[in-house]
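As given, the protein sequences belong to chains A and B, one line each in that order. For the first sequence, our numbering begins at 299 and goes up steadily by one. For the second sequence, our numbering begins at 219 and goes up steadily by one. No residue lacks a Cβ here, since even glycine has one placed at the ideal position from N, Cα and C. Working notes for the structure below.
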Amino acid sequence: MIEHETLPEDQPGPRSLTDLFLTFTWLAVQGFGGVMAVAHRELVERKRWLSQAAFVEEWAVAQIMPGPNVMNLSLVIGGRRFGWRGALAAMAGMLALPLLLVLLLAVAYGRFGGHPAVARALRGMGAVAAGLIMAAGLRLSGGLKGHPLGALACGALAVAAFGGVALLHWPMPFVLLGLGGVACLATYARLDP
Amino acid sequence: MTAAPGAFPLHGWDWLQLFGHFLLLSLLSVGGALTTAPEMHRYLVLQQRWLSETQFSSSITLAQAAPGPNILFVALLGWNLGMNSGGPLLALAGVVLSLTGILLPSTIVTHLASQWGHRNRHLRAVRAFKQGMAPVVIGLMLATGWILARTAHDAGPAWPLWLLTAATALLVWRTRVHVLWLLAAGALLGILGVV
Numbered sequence: 299m300i301e302h303e304t305l306p307e308d309q310p311g312p313r314s315l316t317d318l319f320l321t322f323t324w325l326a327v328q329g330f331g332g333v334m335a336v337a338h339r340e341l342v343e344r345k346r347w348l349s350q351a352a353f354v355e356e357w358a359v360a361q362i363m364p365g366p367n368v369m370n371l372s373l374v375i376g377g378r379r380f381g382w383r384g385a386l387a388a389m390a391g392m393l394a395l396p397l398l399l400v401l402l403l404a405v406a407y408g409r410f411g412g413h414p415a416v417a418r419a420l421r422g423m424g425a426v427a428a429g430l431i432m433a434a435g436l437r438l439s440g441g442l443k444g445h446p447l448g449a450l451a452c453g454a455l456a457v458a459a460f461g462g463v464a465l466l467h468w469p470m471p472f473v474l475l476g477l478g479g480v481a482c483l484a485t486y487a488r489l490d491p
Numbered sequence: 219m220t221a222a223p224g225a226f227p228l229h230g231w232d233w234l235q236l237f238g239h240f241l242l243l244s245l246l247s248v249g250g251a252l253t254t255a256p257e258m259h260r261y262l263v264l265q266q267r268w269l270s271e272t273q274f275s276s277s278i279t280l281a282q283a284a285p286g287p288n289i290l291f292v293a294l295l296g297w298n299l300g301m302n303s304g305g306p307l308l309a310l311a312g313v314v315l316s317l318t319g320i321l322l323p324s325t326i327v328t329h330l331a332s333q334w335g336h337r338n339r340h341l342r343a344v345r346a347f348k349q350g351m352a353p354v355v356i357g358l359m360l361a362t363g364w365i366l367a368r369t370a371h372d373a374g375p376a377w378p379l380w381l382l383t384a385a386t387a388l389l390v391w392r393t394r395v396h397v398l399w400l401l402a403a404g405a406l407l408g409i410l411g412v413v
């Protein structure tokens, strides 16, 4: 975990700009209620473009930088091999088809949105979408094996971040900077120079 | 969605103001697409009255229900702003303007930072940053799921929805069942009134 590269040359990665565009289109159109859960499954488990640990690290970058985090993730991964053009290809893949779909949905909603069955279906799908994101978090915890801080401290940090945002309603940027800052300093102290 | 009663149309300079506001919000949007939603609500609905309350909340719900990144709710806000101001052509312009505004600055900053981080990935500080953030990020991901689950609970008893959320999380974590089946099941349970 300490000395790995994000996308080593011998690991499968995006082959071309078209490959990037299509891969991100495919994972975006599967991503109901958010793309994060699907991104993890497609990029780590199916395509193996990233290891578990690398995914968590890139995700951290995507979270801490301004901008929607799945868009950031796509531009980071696209930009790694192909620079600017790769970043744009990945982002375009993420946006183009879903944008078309959501606009069609908006027009349809204008016509049928008043129907109570539609509202109830959305409620059920919303609950499932929430579960998908939690599952992605649970799966990613596998990437913490071998973390320099050890399992106990990692667990405590994750629980504190969860509690702060979910239960105490602290603003997410503060939690990222506060807890994240402490975690980074502690990790820095544990790493070899 | 059609023009909402009580919402003001946008004229010339208003669009530029809107674009500027989104450019600024883009740089402040740390922690995900939905973190800027409260500020957009304050600006678009309460201050400028360009959107109705219903248009705003349905934009978020629809973007959540549709496939793709949640940031598409901004595209729907732009769509509604254009519909309120004239019609489908302006609505498309509103989509392009809003999405560009909310994405352009953050994309440039993130791209430059990530390229720099990758070139310097062997620095101890860069490694410490990426690895140190990991447990916090995982906690935040669980929190996002929790918050999304809560927003679905506006009406009706909550525990069947929690059960559905928990069952989904366990199934996806432990098995390889496809996401679309689960979403279809969620929609069906919703229509049947089980959740």
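First and last residue of the uninterrupted alpha helix (DSSP H) at residue i
i, result
"valine 314 (chain B)", "306-337"
"phenylalanine 240 (chain B)", "230-246"
"serine 303 (chain B)", "290-303"
"alanine 337 (chain A)", "334-338"
"alanine 433 (chain A)", "414-438"
"tyrosine 496 (chain A)", "Chain A is shown only over 299 to 491; residue 496 (chain A) falls outside these bounds and no answer can be derived."
For residue i, three-class secondary structure by DSSP
i, result
"phenylalanine 274 (chain B)", "helix"
"valine 412 (chain B)", "coil"
"phenylalanine 460 (chain A)", "helix"
"proline 312 (chain A)", "coil"
"proline 285 (chain B)", "strand"
"phenylalanine 226 (chain B)", "coil"
"proline 364 (chain A)", "strand"
8 angstroms Cβ cutoff, residue i in contact with chain A
i, result
"tryptophan 297 (chain B)", "yes"
"isoleucine 356 (chain B)", "yes"
"glycine 300 (chain B)", "no"
"glycine 363 (chain B)", "yes"
"threonine 246 (chain B)", "It is worth fixing the name first, because residue 246 (chain B) is leucine in this sequence and not threonine. Chain A contact via Cβ: present."
Pairwise C-alpha distance: residue j and residue i
i, j, result
"glycine 408 (chain B)", "alanine 352 (chain A)", "37 angstroms"
"glycine 478 (chain A)", "proline 364 (chain A)", "16 angstroms"
"glycine 412 (chain A)", "arginine 421 (chain A)", "14 angstroms"
"leucine 398 (chain B)", "proline 256 (chain B)", "30 angstroms"
"leucine 262 (chain B)", "glycine 230 (chain B)", "16 angstroms"
"methionine 359 (chain B)", "methionine 470 (chain A)", "11 angstroms"
"alanine 251 (chain B)", "isoleucine 289 (chain B)", "5 angstroms"
"phenylalanine 410 (chain A)", "threonine 362 (chain B)", "29 angstroms"
"leucine 322 (chain B)", "alanine 384 (chain B)", "36 angstroms"
"glycine 384 (chain A)", "alanine 337 (chain A)", "17 angstroms"
"leucine 393 (chain A)", "proline 306 (chain B)", "20 angstroms"
"threonine 318 (chain B)", "lysine 443 (chain A)", "39 angstroms"
"alanine 404 (chain A)", "glutamine 350 (chain A)", "36 angstroms"
is_contact[residue i, chain B] using C-beta, thresh 8 angstroms
i, result
"leucine 489 (chain A)", "yes"
"glutamine 350 (chain A)", "no"
"valine 359 (chain A)", "yes"
"serine 314 (chain A)", "no"
"arginine 355 (chain A)", "For the record, residue 355 (chain A) in the displayed sequence is glutamate; it is not arginine. Closer than 8 angstroms: yes."
"phenylalanine 460 (chain A)", "yes"
"phenylalanine 380 (chain A)", "no"
Burial state of residue i (16 or more Cβ within 10 Å)
i, result
"glutamine 282 (chain B)", "buried"
"phenylalanine 330 (chain A)", "buried"
"tryptophan 297 (chain B)", "buried"
"lysine 348 (chain B)", "buried"
"valine 395 (chain B)", "exposed"
"threonine 393 (chain B)", "exposed"
"threonine 316 (chain A)", "exposed"
Chain C residues whose Cβ lies nearer than 7 angstroms to that of residue i
i, result
"arginine 342 (chain B)", "Absent here is chain C; the protein component of the structure consists of chains A and B."
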